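Asks: Take the sequence shown: its position 62, counting from 1, is numbered 1432 in the working numbering, and each next residue is one higher. One structure, as structure tokens, below. Some questions next.
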Amino acid sequence: MRAEKTAAWRRRLAQWAAVLLILVALVSLGQKVAWARRLWGLERVGTDQVATWEQRMTQVKADLQGERLIGYLSEVDFGLPNDPIDTNTEFTLTQYVLAPTILQRGAEADQVICNLGEKGYKPEYGARMGLILAGEYGNGIYLLRKAAK
């Protein structure tokens, strides 16, 4: 009798654990959807990320036509809060959009794309690396170039 009660209690506990796990997963999914809506805009949720990024980078690509090597900086390079997955995804998307130009992390190239999202560019960011602002493209995308010595 006691073994049956223990087994029934364990089944009930397992059922509640499964329900709790599903509830946590749904809340997490809701948070990811809300994050995507804020990041990409409500009208863009459910659209192709590559096409959206390509549209975002159209003018940058035109301005860098013929360049072989471009640097790339993001929030992580300035010690700003960032999402590592988002940072890597945006680097990969930028490399894809700008091909055949080679994108290299860091500020060694003569021109550098700076992707800061909503944080915005401040002159002291570039000054730390000997860069000055050369262009602003909206959506937190900037073009920097080496400062004259």
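Glycine included, C-beta positions come from ideal geometry on N, C-alpha and C. Keep in mind the model is a prediction, meaning the values are calculated, not measured.
1) From 1406, 1396 and 1480, pick the residue whose C-alpha is nearest to that of residue 1434; which is it?
2) Taking Cβ to Cβ, would you say residue 1427 is nearer than 8 Å to residue 1482?
3) Going by C-alpha to C-alpha distance, which of 1423, 1375 and 1477 sits closest to residue 1517?
4) Are residue 1439 and residue 1392 close, meaning C-beta to C-beta below 8 Å?
5) Check each candidate in 1497, 1375, 1491 and 1498 and name the one with the smallest Cα separation from residue 1512.
6) With burial defined as no fewer than 16 other Cβ atoms inside 10 Å of the residue's Cβ, what is the status of residue 1485: buried or exposed?
7) How is residue 1516 classed by DSSP in three states: helix, strand or coil?
8) Do the CB positions of residue 1514 and residue 1487 come within less than 8 Å of each other?
9) Using the DSSP secondary-structure output, state which residues sit across from residue 1466 in a beta bridge.
10) Taking 8 Å as the limit between beta carbons, can you name the residues of its chain near residue 1418, skipping five residues before and five after?
11) With DSSP as the reference, please indicate the residues paired to residue 1481 in a beta bridge.
12) Exposed or buried, which one is residue 1430 when buried takes at least 16 other CB atoms within 10 Å?
Replies: A quick look at the data gives this:
1) 1480
2) no
3) 1477
4) no
5) Answer by Cα proximity: 1491.
6) By the neighbour-count criterion, in which a residue is buried when 16 or more other Cβ atoms sit within 10 angstroms of its Cβ, residue 1485 is buried.
7) Three-state result, residue 1516: strand.
8) no
9) Bridge partners of residue 1466: none, in fact.
10) none
11) 1515
12) By the 16-neighbour rule on beta-carbons within 10 angstroms, residue 1430 is buried.
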